[in-house]
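The opening residue of the sequence shown carries number 18 in the numbering used here; numbering runs sequentially from there. Just below is one structure, and these are the notes that go with it.
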Amino acid sequence: MWNPPTGPPNGVPLRPAEARREVEEAVAAACRRDADLRAEIVATAAARIHAAAGHELAAVEAADAAELAKRALERSHEAARAGQRADAARWTAAARVFAMRLRDARRRAAALEAEIAADRDRGGRATAGLEENVRRLEAVLAARMPMVPGRKGAKLQAAVDAAVAGLRQPVAEAVAWAESDARRAVAAADAAGEPAVEPVVEDELEAEVDLDGAEPILDELRAELDLDDGAAPAGRERASRARR
């Protein structure tokens with residue numbers, strides 16, 4: 018960051034040409050800073066739209082995976098009650114696959130939530146930076162403009178006034194355009210893309226392979242369905258006594 022002067026160095030008056038140069042440099046630096054801040058504000062606004070769309074998609078994927086996992090668990094439960102152990106194992110294996118999909122979708126959703134929050138913070142800091150940028154420039158102008166007299170001072174003042182007016186232009190319209198463009202891009206991607214989680218018919222569940230690391234999610238889904246794990250009656254009775 019460029020640090021604005023607050024008065025003559027060591028109390029030594031500046032020549033008008035030096036004061037004019039410092040003013041011009043300060044205006045140029047403020048304009049560059051303003052452009053950077055506005056670009057960041059616009060970029061974070063668009064990023065939030067994309068992240069929000071991704072979060073919504075992850076939520077849909079999670080719901081779809083949970084539904085498929087529940088269906089497989091119900092089939093596994095029915096097979097276990099009927100004594101069909103091999104079928105119960107196949108259905109449980111399929112449930113694990115969908116539980117892993119659910120886990121991954123939840124992780125994506127959490128990561129996108131954090132990204133949205135970070136973009137919101139960045140945008141807020143950049144927005145606050147716009148006003149701070151103007152205040153820093155005005156500090157230079159207050160210290161240096163009185164040192165530039167006559168017609169040159171008047172001409173410089175007109176240029177400075179125009180620059181400050183530009184720096185004070187609202188950023189809301191640019192943000193609205195960025196958000197609109199981002200929404201159109203999301204809609205176009207949705208129209209051209211394939212479904213993130215393809216529907217799986219009942220027979221295809223049996224073809225899924227077993228994966229590790231899904232048991233906590235399967236236990237969560239079994240609890241939602243009020244299912245046991247297909248254990249033998251004696252095992253279920255012992256588990257019931259333990260809970261009591």
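No residue lacks a Cβ here, since even glycine has one placed at the ideal position from N, Cα and C. In this text, all values refer to a predicted model and were calculated from it rather than measured experimentally.
When only Cα atoms are considered, R102 and A82 end up about 24 Å apart. When DSSP assignments are scanned along the region 153-183, no uninterrupted stretch of alpha helix (DSSP H) that is 4 or more residues long falls wholly within it. When DSSP states are grouped into helix, strand and coil, G140 belongs to the helix group. Residue nearest to R107 within the set R49, R88, A175 is R88 (criterion: CA-CA distance). Inclusion of L90 and L242 in the CB contact set at 9 Å is warranted, their separation being smaller than that value. Scanning V59, A69, E155 for the CA closest to the CA of T144 turns up V59. In the three-state reduction of the DSSP assignment, G71 falls in the helix class, which pools H, G and I. The alpha carbon of A206 has as its nearest neighbour, out of A46, L74, E41, the alpha carbon of L74. In the same chain as V192, and ignoring 5 residues on each side of it, the C-beta atoms closer than 8 Å to its own belong to I58, V59, A62, in chain order.
Two segments are said to touch when three or more pairs of C-beta atoms, one from each, lie closer than 8 Å; by this definition the region 32-44 touches the region 153-171. Under the DSSP assignment, P187 falls outside any alpha helix (DSSP H); it carries neither an H nor an E label.
Straight-line spacing of the CA atoms in A79 and A208 works out to 21 Å. Distances from the CA of L244 to each of E35, S93, P33, G100 were compared; the closest alpha carbon is that of S93.
Contact between R55 and V188 holds, since their C-beta atoms are separated by about 6 Å, short of 8 Å.
Taking all protein chains shown into account, D138 has fewer than 16 neighbouring C-beta atoms within 10 Å of its C-beta and is therefore exposed. Separation of R32 and M164 (C-alpha to C-alpha, rounded to the nearest whole angstrom) is 7 Å.
For A240, the uninterrupted alpha helix (DSSP H) run begins and ends at 232-242, by DSSP. The DSSP-derived three-state label of R32 is coil.
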